[in-house]
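In our numbering, the protein residues as written are 23 to 622.
Cβ atoms here follow ideal geometry from the backbone N, Cα and C, with glycine treated the same way.
Here's the structure we're looking at; comments come further down.
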Amino acid sequence: MSTTTYPVTWDLEIFFRGGSESEELRAHLEEGEKKVLAYTEAVGDFRTPEAAGAAEKVAALIEQTKNTSAHLRESGAVIGCFLAQDTTDKKAHLLQGESSALGAKFQTAFMMFQQKLSETDEKVWEELLASGELEEFSFILNEWRKKAAAKLPEEQEAIITALSVDGYHGWGELYDLLVGDMQVTVKVDGEEKVLSVGQANNLGTHPDPAVRKEAFEKLEAAWAEKEEFFAKALNSLAGFRLQVYEKRGWDEVLQEPLEYNRMKQETLDAMWGAISSNKQPFAEYLKRKAALLGKEQLDWYDFSAPVSESTSKLDYQEGAEFILNQFGKFGPELESFARMALENGWVEAEDRPNKRPGGFCTGMPLSEESRIFMTYSGSMSNVATLAHELGHAFHSYALRPVHQLNRQYAMNVAETASTFAEMIVADAAVKEAQSREEKMALLEDKAQRSVSFFMNIHARFLFETRFYEERKKGVVSSDRLNELMAEAQREAYAGALGETHPHFWAAKLHFYITDVPFYNFPYTFGYLFSLSIYAKALEEGKSFEEKYMALLRDTAVMTTEELAMKHLGEDITKQEFWEKGVRLCIRDVEEFLSLTSDEG
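Okay, here's the thing in structure tokens:
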């Protein structure tokens, strides 16, 4: 065991000293305003290319696009970190508003640039892309051109972007504010504790069923108390989005998320088809877990409950070392990168009040560093979350040699790198289990993950698609939102669920994220896609790491279908591809069922 002590709070001072009161940050934002103004003027002066000789001008404006965007994203990411680490930071909330307004101005100019490029004659366009200055950007430029052609005229899109600051993104920010203000009082180990939402959620792994039940019921009551606020936010956010889609002539609500994730409808249908037709083993696992907990059916708050008294708890230092040890068995780059990130204070893991719930990884493009946010309380689920977020950070690290314009990968492949890292740790943990009890707990942790991706995420997807269809006809009441969620959960969990979580639509941040529409199916995509990559990694050993990094570098310059064909030789529009991954997960479940049977 290493004697290194990894910091449990992150270092944000390296970016801007002084937190949300930072004078450096103030100067950076003011510089950002100048950059946006200069960029807007440059785009205004730019004319739609009429000959291949315009390639140099296009390349210069691309470089200005990159520089301005990176400058804004640097401050935006750090401000997001300020808000996550302390939801009571009022100055950070003001800075977020300022940052969003700047981003909207940049976006307006950026869309104007895209629109002007989209009007280029087809023959001239092909000549431009064949030029030395623009050849490396051909994928992204073609994507810009296609997206611009599908939108409204630039003046109308500019109005939408301007109004979105307060009329769209504002609702997502209000959600964060509401959740950050919430607290519940739960009796834990004989002591009344006032907890944030994130801390109360972590009690789902508590061995005492009374604690789990109380935490769930207190949270459910808290969501119910504010349900009208959350319903207003969700309806307004969805209403804004639907109005924009209607004006653009988009009939399908999945058009934007599919384009955003660079994948086809056939791919999504094939994935859910493979999952829906193979749910029975996971329903059997949930029934077995219920029996092990002395219940007929598993209630929502029991999903993460330990089934073994020997469920290991690892403090943060032990959890970090465990991850590094397993990463090292995959490849030296992943291990050395993760060690550097842990040692240099890239991770905010402290268990304390006033933190935002959940976990994330965010990148600072100017500094070329990442920051990871979570609340660590010692469970194997927390260890998996830390590995997951380190996987995200490694993806950004692998892309460093690539031009920043070619680093904008979509969410589904973003979740591939994270779940791949998580899998390395989970699989190795099972293999290294020292006892039957420990192996049972670790297999159960893997089975929980499959249930999360195949059932929980499916429930989110079913809820969100159905909610949007109803929202087209008018505002959806909080009571109806509860019904839709409970129905989606019962269907997605294949009848194996007892008490549902009807206010999950209010409790889950992902429904309120405005930057990424339908932030649900990318998780499941990433999970199953990474299983195929993991199978190849096991086959080839440490020599695979170089190929893996090559795959990561391609994630932003091709569609997911092209990526899979090039690096895996697979057609992901076919259900057979996805079924191979599901079958690997079923093996874990079968091993768990065997281990926990009377004969096991």
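Have a look at residue 100 and residue 37 and give me their C-alpha separation to the nearest angstrom. The straight-line gap separating the alpha-carbon atoms of residue 100 and residue 37 is approximately 8 angstroms.
If residue 395 and residue 106 are in contact, beta carbons under 8 angstroms, what's the gap, nearest whole angstrom? Approximately 5 angstroms separates the beta-carbon atoms of residue 395 and residue 106; this is inside 8 angstroms, confirming the contact.
Within 8 angstroms, strictly: CB atoms of residue 151 and residue 144: No, the Cβ-Cβ distance between residue 151 and residue 144 is not below 8 angstroms.
Beta carbon of residue 658, beta carbon of residue 462: below 8 angstroms? Outside the displayed range of the chain (23 to 622) lies residue 658, so it cannot be described from this structure.
Find out if the Cβ-Cβ distance for the pair residue 323, residue 234 is shorter than 8 angstroms. Yes. Within cutoff.
Own chain partners of residue 403 with C-beta closer than 8 angstroms, once the 5 adjacent residues on each side are dropped: Closer than 8 angstroms at the Cβ level, and outside the excluded window around residue 403, lie 227, 326, 467, 470.
Out of 310, 265, 91, which one is the CA nearest neighbour of residue 616? In this structure, 310 is the residue among 310, 265, 91 with its C-alpha nearest to the C-alpha of residue 616.
May I ask which residues mark the beginning and end of the alpha helix (DSSP H) holding residue 293? It spans 287-298 - the alpha helix (DSSP H) in which residue 293 sits, taken as one unbroken run.
Three-way DSSP call (helix, strand, coil) for residue 374 in this model: Residue 374: coil per DSSP, three-state reduction.
Mind checking which residues open and close the alpha helix (DSSP H) that includes residue 258? Going by DSSP, residue 258 is part of the alpha helix (DSSP H) stretching over 249-270.
What residue from 137, 148, 442, 185 has the CA that sits closest to residue 169's CA? Cα-wise, what sits closest to residue 169 is 137.
In chain order, which alpha helix (DSSP H) runs of at least 4 residues are fully inside the segment 399-476? Counting only runs of 4 or more, we get 402-420, 433-453, 458-473.
Please report how far the alpha carbon of residue 534 lies from the alpha carbon of residue 194, in whole angstroms. Approximately 5 angstroms, taken between the alpha carbons.
Proximity below 8 angstroms, CB of residue 131 to CB of residue 65: The answer is yes: Cβ separation under 8 angstroms.
So residue 303 and residue 611 are supposed to be a Cβ contact under 8 angstroms. How far apart are they, rounded? Yes, residue 303 and residue 611 are in contact; Cβ-Cβ is about 5 angstroms, under 8 angstroms.
Could you check how far apart the C-beta atoms of residue 465 and residue 614 are, in whole angstroms? I think they sit under 8 angstroms. About 4 angstroms separates the beta carbon of residue 465 from that of residue 614, a gap short enough to meet the 8 angstroms contact definition.
Report the rounded CA-to-CA distance for residue 622 versus residue 255, giving the unit in angstroms. Only weak support exists for where residue 622 lies, its pLDDT of 38 falling under 50; the value from the coordinates is given anyway. Annotation: residue 622 to residue 255 spans about 50 angstroms, alpha carbon to alpha carbon.
List the endpoints of the continuous beta strand (DSSP E) containing residue 36. No beta strand (DSSP E) holds residue 36; DSSP gives it neither H nor E.
Would you kindly check if the distance between the Cβ of residue 388 and the Cβ of residue 92 is under 8 angstroms? Taking the C-beta atoms as reference points, residue 388 is found nearer than 8 angstroms to residue 92.
The beta strand (DSSP E) that contains residue 533, what's its start and end? Here residue 533 belongs to no beta strand (DSSP E), and DSSP marks it neither H nor E.
Residue 544 beta carbon less than 8 angstroms from that of residue 278: Contact: no.
Based on the DSSP secondary-structure assignment, which residues constitute the bridge partners of residue 385? According to DSSP, which records beta bridges pairwise, residue 385 is partnered with 392.
Verify whether the separation of the beta carbon atoms of residue 433 and residue 541 is less than 8 angstroms. For residue 433 and residue 541, yes; Cβs fall inside 8 angstroms.
Since residue 413 and residue 444 should fall inside the 8 angstroms C-beta cutoff, what is the C-beta to C-beta distance between them, to a whole number of angstroms? With a beta-carbon spacing of about 7 angstroms, residue 413 and residue 444 fall inside the 8 angstroms limit used to define contacts.
Give the DSSP bridge partners of residue 329, in chain order. Bridge partners of residue 329: none, in fact.
Distance check for residue 200 and residue 23, CA to CA, integer angstroms please. The pLDDT assigned to residue 23 is 47, lower than 50, so where the model puts this residue is not dependable; a value taken from the coordinates is nonetheless given after this. Residue 23 and residue 200 have their C-alpha atoms some 42 angstroms from each other.
What residues in its chain sit with their C-beta under 6 angstroms from that of residue 77, if we drop five residues either side in the sequence? So the list reads 150, 153, 155, 156, once near-sequence residues are dropped.
Tell me residue 357's beta-bridge partners as DSSP assigns them. DSSP output for residue 357 lists no bridge partner at all.
Please determine, among 577, 214, 583, 607, the residue with the shortest C-alpha to C-alpha distance to residue 549. When only C-alpha atoms are compared, the closest one is 607.
Residues in its own chain within less than 7 angstroms of residue 484 by CB, not counting five upstream and five downstream? Counting only Cβ-Cβ distances below 7 angstroms, and skipping sequence neighbours, we find 510, 513, 514.
For the segment 470-509, list the alpha helix (DSSP H) runs that are entirely contained and at least 4 residues long, ordered along the chain. Runs of the alpha helix (DSSP H) inside the segment 470-509: 479-493.
Out of 328, 274, 520, which one is the CA nearest neighbour of residue 487? The candidate whose alpha carbon is nearest that of residue 487 is 274.
Enumerate in chain order the residues of its own chain whose CB-to-CB distance from residue 140 is below 6 angstroms, with the five nearest sequence positions on each side excluded. Excluding sequence neighbours, residue 140 sits near 167, 170, 171.
From residue 58 to residue 104, what distance separates their C-alpha atoms? Looking at the two C-alpha atoms, the distance is approximately 23 angstroms.
Looking only at its chain, what residues have a beta carbon closer than 6 angstroms to the beta carbon of residue 319, apart from the 5 residues adjacent to it on each side? For residue 319, where only same-chain residues beyond five positions count, the Cβ hits under 6 angstroms are 312, 520.
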